[in-house]
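Beneath this line is the structure, given in structure tokens, with notes to follow.
Numbering (the working numbering), first residue to last: 429 to 600.
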């Protein structure tokens, strides 16, 4: 097998790959990766940790990503969490847990996902990153759960979100 540990690497290299000014990533990450059989790509896993995950200059919290797979012909389980201490005893979080399907598996098509996403007290202003123009002044928090599934080029979502003390300005 093979294992590797990288520490204190800058994540900003992703910005060149994404080429989207709405998402400018920053922060130092640690990664641990291991594979039992590198030639067959069997029994592999990785953990990525960022103590300070920065998006467009703002600290979004502690990001942890874990993934485990038996082979590239079977589902790869992943868990992603983003936690941020807003004030003493008040933590906002996004947690995603599910599977990536690199090849056809049961009802799942190649290159598809099946993920449950939970949001707790997460800043509503984060949505401003996803809406390119026409809105501003986002305030408040969002709670909810969303199921995300399907091929990566045709994602389906279903769920509910609850806004707490939320505000948004529609610019016209």
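For glycine and all other residues, C-beta sits at the position ideal for the given N, C-alpha and C.
It should be emphasised that the depicted structure is a prediction, and the values quoted were computed from it without experimental measurement.
Same chain, Cβ closer than 6 Å to residue i, neighbours up to 5 away in sequence not counted
i           : result
residue 566 : 552, 553, 556 and 596
residue 433 : 460
residue 452 : 443 and 484
residue 431 : 462
residue 529 : 503, 536 and 540
residue 589 : 570 and 572
residue 400 : This structure cannot speak to residue 400, because the chain is shown only from 429 to 600.
Proximity winner among the options, relative to residue i (alpha-carbon distances)
i           : options               : result
residue 498 : 505, 491, 471 and 477 : 471
residue 493 : 505, 573 and 580      : 505
residue 437 : 476, 430 and 446      : 476
residue 559 : 541, 598 and 592      : 598
residue 521 : 501, 509, 577 and 466 : 509
residue 546 : 518, 530, 576 and 448 : 576
residue 543 : 448, 466 and 495      : 495
residue 600 : 465, 562 and 583      : 562
residue 525 : 583, 466 and 574      : 574
residue 531 : 501, 518 and 507      : 501
Residues that DSSP places opposite residue i in a beta bridge
i           : result
residue 454 : 482
residue 433 : 460
residue 438 : 456
Spatial neighbours of residue i in its chain, beta-carbon cut-off 8 Å, leaving aside the 5 residues before and after
i           : result
residue 468 : 499
residue 580 : 539, 540 and 541
residue 550 : 520, 521, 522, 569, 570 and 571
residue 396 : Coverage of the chain is limited to positions 429 through 600, which leaves residue 396 absent and any answer about it impossible.
residue 466 : 429 and 430
Other residues of its chain near residue i: CB distance less than 7 Å, five sequence neighbours each side excluded
i           : result
residue 591 : 552, 568 and 570
residue 440 : 453 and 454
Proximity test, Cβ basis, 7 Å: residue i and chain C
i           : result
residue 462 : This model lacks chain C altogether; it includes just one protein chain.
Take every Cβ of the region 448-463, pair it with every Cβ of the region 478-493, and state whether three or more of those distances are shorter than 8 Å. yes
Could you tell me which uninterrupted beta strand (DSSP E) segments, each at least 3 residues in length, are contained entirely in the region 521-598, listed from first to last along the chain? 540-551, 563-579 and 584-598
Just list the beta strand (DSSP E) runs in the region 459-527, keeping only unbroken ones of 3 residues or longer that don't cross its boundaries, in chain order. 470-478, 490-497 and 504-515
Hey, is the region 530-537 in contact with the region 506-514, meaning 3+ C-beta pairs nearer than 8 Å? no
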